[in-house]
Amino acid sequence: MLLRISALFILLSAALYLVIPTVAPWIMAVSVALFAARTVASPYPGKSIRGKRLFHFQVFSTVLMIVATYLMFRQRNEWALVMLCGAVFMLYAGVMIPRELESETDDKNDKA
Numbered sequence: 019m020l021l022r023i024s025a026l027f028i029l030l031s032a033a034l035y036l037v038i039p040t041v042a043p044w045i046m047a048v049s050v051a052l053f054a055a056r057t058v059a060s061p062y063p064g065k066s067i068r069g070k071r072l073f074h075f076q077v078f079s080t081v082l083m084i085v086a087t088y089l090m091f092r093q094r095n096e097w098a099l100v101m102l103c104g105a106v107f108m109l110y111a112g113v114m115i116p117r118e119l120e121s122e123t124d125d126k127n128d129k130a
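In terms of my numbering, the sequence shown opens at residue 19 and continues consecutively.
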């Protein structure tokens, strides 16, 4: 639940940057910090190397979000591009991790 709320505030701060560029970086910083802490605190539960690689994609995307927040504080417009790259990595990992977990459990059930 905390992950979803922080993700929602990340989107809100990105949109708010167009209206109030002095407040939006602070909201983004708190949201990204919560999001990063929650992401790192919940590692990939499976044993496959592909799943662990996908988890590393998630960690990399949170690092990109941190960089985007820094660029937002510096009032550099490149923050949007960096945030977009991080979002693409996060989307890919978010879609593929459940599939990988499902295939891992299917393999275990087939062996039993």
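Using N, Cα and C, we set each Cβ at its ideal position, and we do this for glycine too.
These numbers come from a predicted model, not from an experiment.
- When rounded, the separation of the alpha-carbon atoms in residue 86 and residue 98 is 7 Å.
- Close CB contacts of residue 110 within its chain, under the 7 Å cut and outside five residues either way in sequence, are with 75 (chain order).
- The beta carbon of residue 100 sits closer than 7 Å to the beta carbons of 82, 85, 86, 89 from its chain, once the five residues preceding and following it are set aside; these are given in chain order.
- In chain order, 69, 70, 73 place their CB closer than 6 Å to the CB of residue 62, counting only its own chain and leaving out the 5 sequence neighbours on each side.
- For residue 56, the closest C-alpha among the options 43, 47, 20 is that of 20.
- Here residue 64 carries a coil assignment [DSSP, helix/strand/coil].
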